[in-house]
């Protein structure tokens, strides 16, 4: 009888322990979310600024002619290296299609490009006198409207080519030194201010530097066409004791290297996890 009661007590205790354990909450374990780097989205409007340096070149053909007869007495060529610092701003829009980015961009630049050249006409003046002419070219400002297209070498680095319309203000002035009725003198030529239209092409690299900001390095070749003036009558005396007229034609080109930053008005796309 005593053994039977001991067995009943033991069985009851075992059943009670199992029931209590069944009522306890079951612990579950979940994996921590895996962080996914935000994917940069190039699509959207952007605006920015830039600064750089420009190596301009003005190739000039100049001639001196007899005012009365129109006969050309001398023609020469010269090269003017019009170099200087440039700076300005740009804005545009990008479309991203998989690993490709296309867009359009416009910019406006202030320019400190200046340069001068001279031409000597030996024996063109009355008697043994020489005539020296000097020209100065300045690029006061310029701008471009260009298409851009490129490939993403990584999600945040873009290699691109660009090209389109260029325009700018070329300022040309000069003087001629030689014999006059009153003796040797320098005659100042009228200043010519011309807004030129041409073309530009180049390439660059742009990459994200943080948030919606990108930085770029860009090269452009720019051709603003030809500026011409003359014949401009002067009181410089030629070999036939007739006044001379000056004419010139300048072809202006430019090599531009600049760095810049852009802010894209489009937040990065966050991948879900």
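Numbering (our numbering), first residue to last: 697 to 969.
Yeah, the Cβ is synthetic: ideal placement off N, Cα and C, and Gly gets one too.
Because the structure is a prediction, the values reported are computed rather than measured.
Drop a sphere of 10 angstroms on the beta-carbon of residue i, count the other beta-carbons inside from all chains shown, and report buried for 16 or more, exposed for fewer.
i, result
"residue 786", "buried"
"residue 793", "exposed"
"residue 961", "exposed"
"residue 832", "buried"
"residue 818", "exposed"
"residue 906", "exposed"
"residue 866", "buried"
"residue 896", "buried"
"residue 718", "Its pLDDT being 47, under 50, residue 718 is placed unreliably by the model, and the measurement read from it follows with that caveat. Counting Cβ neighbours within 10 Å, residue 718 comes out exposed, since fewer than 16 surround it."
"residue 764", "exposed"
"residue 720", "Bear in mind that a pLDDT of 49 at residue 720, under 50, signals an unreliable position, so the number given afterwards is only what the model happens to contain. By the neighbour-count rule (16 or more Cβ atoms within 10 Å), residue 720 is not buried but exposed."
"residue 870", "buried"
"residue 954", "buried"
"residue 826", "exposed"
"residue 847", "exposed"
"residue 844", "buried"
Taking only the alpha-carbon atoms, compute the straight-line gap between residue i and residue j and give it to the nearest angstrom.
i, j, result
"residue 737", "residue 909", "11 Å"
"residue 936", "residue 830", "23 Å"
"residue 901", "residue 800", "15 Å"
"residue 853", "residue 904", "7 Å"
"residue 868", "residue 899", "30 Å"
"residue 749", "residue 837", "13 Å"
"residue 812", "residue 927", "20 Å"
"residue 934", "residue 881", "13 Å"
"residue 742", "residue 755", "37 Å"
"residue 956", "residue 942", "42 Å"
"residue 746", "residue 771", "41 Å"
"residue 893", "residue 815", "27 Å"
"residue 782", "residue 958", "17 Å"
"residue 744", "residue 760", "47 Å"
"residue 766", "residue 856", "52 Å"
"residue 890", "residue 807", "15 Å"
"residue 914", "residue 790", "17 Å"
"residue 809", "residue 777", "9 Å"
"residue 740", "residue 798", "11 Å"
"residue 751", "residue 917", "10 Å"
"residue 939", "residue 924", "21 Å"
"residue 841", "residue 950", "16 Å"
"residue 822", "residue 864", "40 Å"
"residue 802", "residue 784", "11 Å"
Considering only DSSP beta bridges, list what residue i is partnered with.
i, result
"residue 779", "751, 810"
"residue 822", "Beta-bridge pairing links residue 822 to no other residue."
"residue 925", "944"
"residue 769", "For residue 769, which the question treats as bridged, DSSP gives no partner whatsoever."
"residue 746", "784, 956"
"residue 910", "904, 958"
"residue 804", "785, 839"
At which residues does the beta strand (DSSP E) containing residue i begin and terminate?
i, result
"residue 864", "853 to 876"
"residue 957", "939 to 960"
"residue 903", "879 to 906"
"residue 765", "No beta strand (DSSP E) holds residue 765; DSSP gives it neither H nor E."
"residue 736", "Element bounds for residue 736: n/a, residue is neither H nor E."
"residue 830", "827 to 850"
For a test of your reading of the model: does the CB of residue i fall under 7 Å from any non-hydrogen atom of the ligand ATP? Yes or no.
i, result
"residue 958", "Of ligands this structure carries none, so the ligand ATP is not represented either."
Should the stretch 857 to 865 be regarded as contacting the stretch 873 to 880, the criterion being three or more beta carbon pairs within less than 8 Å?
no
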